[in-house]
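Engineer:
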Amino acid sequence: MTTDTQVTGRRAVKAVIPAAGLATRFLPATKAVPKELLPVVDRPVLQYIVEEAAAAGITDVLLVTGRGKTSMVDHFDRRPDVEARLEEKGDLERLHEVRRTSELADIYTCRQGEPLGLGHAVGTAASHVGGEAFAVLLGDEFVDEDSPLLPSMLDLQARTGGIVLAFMEVKPEETSRYGIAVVGESDLGEDVVTVRGLVEKPKPEEAPSNLAVLGRYVLPAAIFDAIRDTKPGSGGEIQLTDAMAALLEAGTPVHGIVYRGHRYDTGMPLGYLQAVVQLACKRDDLGTEFKQWLNEFVSGEGRAT
Numbered sequence: 056m057t058t059d060t061q062v063t064g065r066r067a068v069k070a071v072i073p074a075a076g077l078a079t080r081f082l083p084a085t086k087a088v089p090k091e092l093l094p095v096v097d098r099p100v101l102q103y104i105v106e107e108a109a110a111a112g113i114t115d116v117l118l119v120t121g122r123g124k125t126s127m128v129d130h131f132d133r134r135p136d137v138e139a140r141l142e143e144k145g146d147l148e149r150l151h152e153v154r155r156t157s158e159l160a161d162i163y164t165c166r167q168g169e170p171l172g173l174g175h176a177v178g179t180a181a182s183h184v185g186g187e188a189f190a191v192l193l194g195d196e197f198v199d200e201d202s203p204l205l206p207s208m209l210d211l212q213a214r215t216g217g218i219v220l221a222f223m224e225v226k227p228e229e230t231s232r233y234g235i236a237v238v239g240e241s242d243l244g245e246d247v248v249t250v251r252g253l254v255e256k257p258k259p260e261e262a263p264s265n266l267a268v269l270g271r272y273v274l275p276a277a278i279f280d281a282i283r284d285t286k287p288g289s290g291g292e293i294q295l296t297d298a299m300a301a302l303l304e305a306g307t308p309v310h311g312i313v314y315r316g317h318r319y320d321t322g323m324p325l326g327y328l329q330a331v332v333q334l335a336c337k338r339d340d341l342g343t344e345f346k347q348w349l350n351e352f353v354s355g356e357g358r359a360t
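All the letters of the sequence shown, read from the start, carry residue numbers 56 to 360 under the working numbering.
Written as structure tokens, this is what we have:
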């Protein structure tokens with residue numbers, strides 16, 4: 056396994072978005088529509104994630120897809136027929152939004168033949184990424200655009216050359232739902248910690264901290280060798296956590312950034328609905344009227360229709 060990961064100075068410009076899962080929690084809606092394209096108000100989840108990457112300077116995005124998910128790529132393609140119709144109507148605002156999706160980044164795709172774990176999904180990106188560091192953004196969560204996370208992760212990885220993770224603080228009783236970090240102090244900046252290890256879903260009394268892993272990673276290219284050497288673990292899948300642990304044991308520096316902004320988790324129906332409501336309330340064109348209706352509905356004064 057290659058362990059020469061401390062190549063510093065080059066900021067990653069490629070991102071990998073694993074999006075091959077079956078999304079069984081959202082069936083039957085996801086039988087024909089990928090979970091990543093479910094709308095949060097009027098933009099699909101995946102667009103929020105690609106926008107997050109583009110805002111951080113990522114110019115190259117690889118979607119790791121599965122069967123029945125070609126529409127994800129279509130979303131970022133041009134639609135001359137739709138654009139022409141909007142131009143005829145003089146709907147320049149929507150025309151701009153439709154065109155913008157194809158201009159966010161260069162979108163590529165590869166196929167994960169079967170769902171063999173996050174590590175396996177990331178491993179399929181090896182030939183596309185090459186020998187450079189890259190970001191991994193999970194396809195069912197994103198952060199507030201007003202409180203970006205990825206730029207600081209990319210900058211830190213360029214300085215250290217190792218692995219950079221993102222964490223959020225959770226309540227002690229919630230640690231059993233997440234991967235929890237074993238951390239030490241760091242002199243690399245505020246909210247930066249040195250990562251000594253990760254514990255998967257520990258009981259509250261056994262948790263080494265209250266820092267839970269977010270779905271954002273910046274990884275050196277050496278992760279691909281580590282993935283190839285990783286045996287199937289939990290659930291018979293190749294786990295990215297196991298590959299990262301192997302690099303950590305081999306001497307790769309691993310740091311984490313504690314994120315203080317808001318994270319939207321659309322991986323489960325409740326989190327998805329919360330994201331829709333929260334972002335609708337923040338919209339200049341919808342927020343005031345929607346919040347008024349929502350207050351009336353919750354208080355029992357409004358109607359469900």
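Just so you know, even glycine gets a beta-carbon here, dropped at the ideal spot from N, CA and C. Please read all numbers here as calculations on a predicted model, not as lab measurements.
#1: Can you tell me whether residue 136 is buried or exposed? The criterion is at least 16 other CB atoms within 10 Å of its CB, across all chains shown.
#2: Among all the DSSP beta bridges, which residues are the ones paired with residue 69?
#3: For residue 333, which option in 349, 175, 174 has the closest C-alpha, if you only look at C-alpha atoms?
#4: Where do the N-terminal and C-terminal ends of the beta strand (DSSP E) with residue 191 fall, by residue?
#5: Given this structure, state the Cα-to-Cα distance separating residue 239 from residue 277, to the nearest angstrom.
#6: Give a yes or no on contact between the segment 102 to 110 and the segment 225 to 245, applying the rule of three or more CB pairs nearer than 8 Å.
#7: According to DSSP, what are the bridge partners of residue 272?
#8: Looking only at its chain, what residues have a beta carbon closer than 7 Å to the beta carbon of residue 317, apart from the 5 residues adjacent to it on each side?
#9: For residue 89 and residue 138, I'd like the C-alpha separation in whole angstroms.
#10: For residue 91, is the classification buried or exposed, using 16 other Cβ atoms within 10 angstroms of its Cβ as the cut-off for buried?
#11: For the candidate residues 125, 73, 113, whose alpha-carbon lies nearest to that of residue 209?
#12: Considering only their Cβ atoms, is the gap separating residue 190 from residue 236 smaller than 9 Å?
#13: So what does DSSP say about residue 200, is it helix, strand or coil?
#14: So, under 8 Å CB-CB, residue 103 and residue 116 are touching, yes? Tell me the CB distance rounded to an integer number of Å.
#15: Terminal residues of the continuous beta strand (DSSP E) containing residue 320?
#16: Determine whether the beta carbon atoms of residue 44 and residue 145 lie at a separation below 9 Å.
#17: Can you name the residues that DSSP bridges to residue 94?
#18: Can you pull the DSSP bridge partners for residue 253?
#19: Residue 248 and residue 311 look like a contact to me (Cβ under 8 Å); what is the Cβ gap, rounded to whole Å?
#20: For residue 100, which option in 282, 290, 74, 242 has the closest C-alpha, if you only look at C-alpha atoms?
#21: In chain order, what residues of the same chain have a beta carbon less than 7 Å from the beta carbon of residue 282, not counting five sequence neighbours either side?
#22: Which partner residues does residue 161 have in the DSSP bridge list?
#23: Under 8 Å Cβ to Cβ from residue 87, same chain only, skipping five residues before and after it: list those, please.
#24: Which residue or residues does DSSP assign as beta-bridge partners of residue 379?
#25: Between which two residues does the alpha helix (DSSP H) carrying residue 135 extend?
#26: Between 64, 147, 84, 217, which has its C-alpha nearest residue 305's C-alpha?
#27: Go through its chain and collect everything with a Cβ distance to residue 211's Cβ below 7 Å, but skip five positions before and after it.
#28: Pick helix, strand or coil for residue 341, following the three-state DSSP scheme.
Structural biologist: This is what the structure holds:
#1: Under this definition residue 136 is an exposed residue.
#2: Residue 69 pairs with 115.
#3: Comparing Cα positions, the closest option is 349.
#4: Going by DSSP, residue 191 is part of the beta strand (DSSP E) stretching over 189 to 192.
#5: Within the model, the alpha-carbon separation for residue 239 versus residue 277 is close to 24 Å.
#6: For the pair of segments examined, the segment 102 to 110 was found not to touch the segment 225 to 245: the number of CB pairs separated by less than 8 Å stays below three.
#7: Residue 272 is bridged to 191, 220.
#8: Hits under 7 Å: 198, 199, 202.
#9: Residue 89 and residue 138 have their C-alpha atoms some 24 Å from each other.
#10: Around the Cβ of residue 91, a 10 Å sphere holds 16 or more other Cβ atoms; the residue is buried.
#11: Nearest in C-alpha terms to residue 209, of all of 125, 73, 113, is 113.
#12: No, these two residues do not count as a Cβ contact at 9 Å.
#13: If DSSP states are grouped into helix, strand and coil, residue 200 belongs with coil.
#14: At roughly 13 Å, the Cβ-Cβ gap does not stay under 8 Å, so residue 103 and residue 116 are not in contact.
#15: Per DSSP, residue 320 belongs to the beta strand (DSSP E) from 318 to 320.
#16: Residue 44 lies beyond the stretch modelled for the chain, which goes from 56 to 360, so this question has no answer here.
#17: Under DSSP, residue 94 takes part in a beta bridge, and its partners are 99.
#18: In DSSP, residue 253 forms a bridge with 236.
#19: With a Cβ gap of about 5 Å, residue 248 and residue 311 count as contacting.
#20: The option with the nearest alpha carbon to residue 100 is 74.
#21: Apart from the 5 residues on each side of it in sequence, residue 282 sits with its Cβ closer than 7 Å to the Cβ of 174, 177, 178, 293, 298 in its chain, given in chain order.
#22: DSSP output for residue 161 lists 115 as bridge partner(s).
#23: Only 123 meet the Cβ criterion.
#24: This structure cannot settle anything about residue 379, because the visible part of the chain is limited to 56 through 360.
#25: From DSSP, the alpha helix (DSSP H) with residue 135 extends over 135 to 144.
#26: Selected option, being the one with the closest Cα: 217.
#27: Closer than 7 Å at the Cβ level, and outside the excluded window around residue 211, lie 219, 243, 247, 310, 312.
#28: In this structure, residue 341 counts as coil in the three-state DSSP scheme.
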